[in-house]
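K.L.:
Heads up: the sequence shown begins at 0 in numbering that gives the first Met the number 0, then just goes up one per residue. Glycine is no exception: its CB is placed at the ideal position from the N, C-alpha and C atoms. This one's a predicted model, so the numbers in the text were calculated from it and none came from an experiment. Below are the structure tokens for one structure; questions will follow.
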Amino acid sequence: MTMNAILVLLLALSGAFNIGLVAGCLARASGKALAAAALVGGGVALTVLTVFFTAVSAYH
0 MTMNAILVLL LALSGAFNIG LVAGCLARAS GKALAAAALV GGGVALTVLT VFFTAVSAYH
């Protein structure tokens, strides 16, 4: 794995984490329980990573 590929992967993980965290915080602020908000945030983060990896595999 090249250094460029590692940096792109870290950028994707960072972006997914931040988007998932924001989604979880928004769910918590809208009145969801902590466990439900954590599941929302995790689901959003996994969705973002799925879209990223699908785009990478389609590109190659």
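Decide if the segment 31 to 43 is in contact with the segment 51 to 58; the criterion is three or more beta carbon pairs, one per stretch, under 8 Å apart.
P.N.:
Segments in contact, no.
K.L.:
Measuring alpha carbon to alpha carbon, tell me which residue in Phe-16, Ile-5, Ala-4 and Arg-27 is nearest Val-43.
P.N.:
Nearest of Phe-16, Ile-5, Ala-4 and Arg-27 to Val-43, Cα basis: Phe-16.
K.L.:
Quick check on this structure: which residue in Ala-26, Gly-19, Ala-34 and Leu-25 has the alpha carbon closest to the alpha carbon of Thr-46?
P.N.:
For the residues Ala-26, Gly-19, Ala-34 and Leu-25, the minimum Cα distance to Thr-46 belongs to Gly-19.
K.L.:
Quick check on DSSP: helix, strand or coil for Gly-40?
P.N.:
The answer is helix: DSSP assigns Gly-40 an H, G or I state.
K.L.:
Exposed or buried, what is Ala-28 when buried is set at 16 or more other beta-carbons lying within 10 Å of its beta-carbon?
P.N.:
Its Cβ having fewer than 16 others within 10 Å, Ala-28 is exposed.
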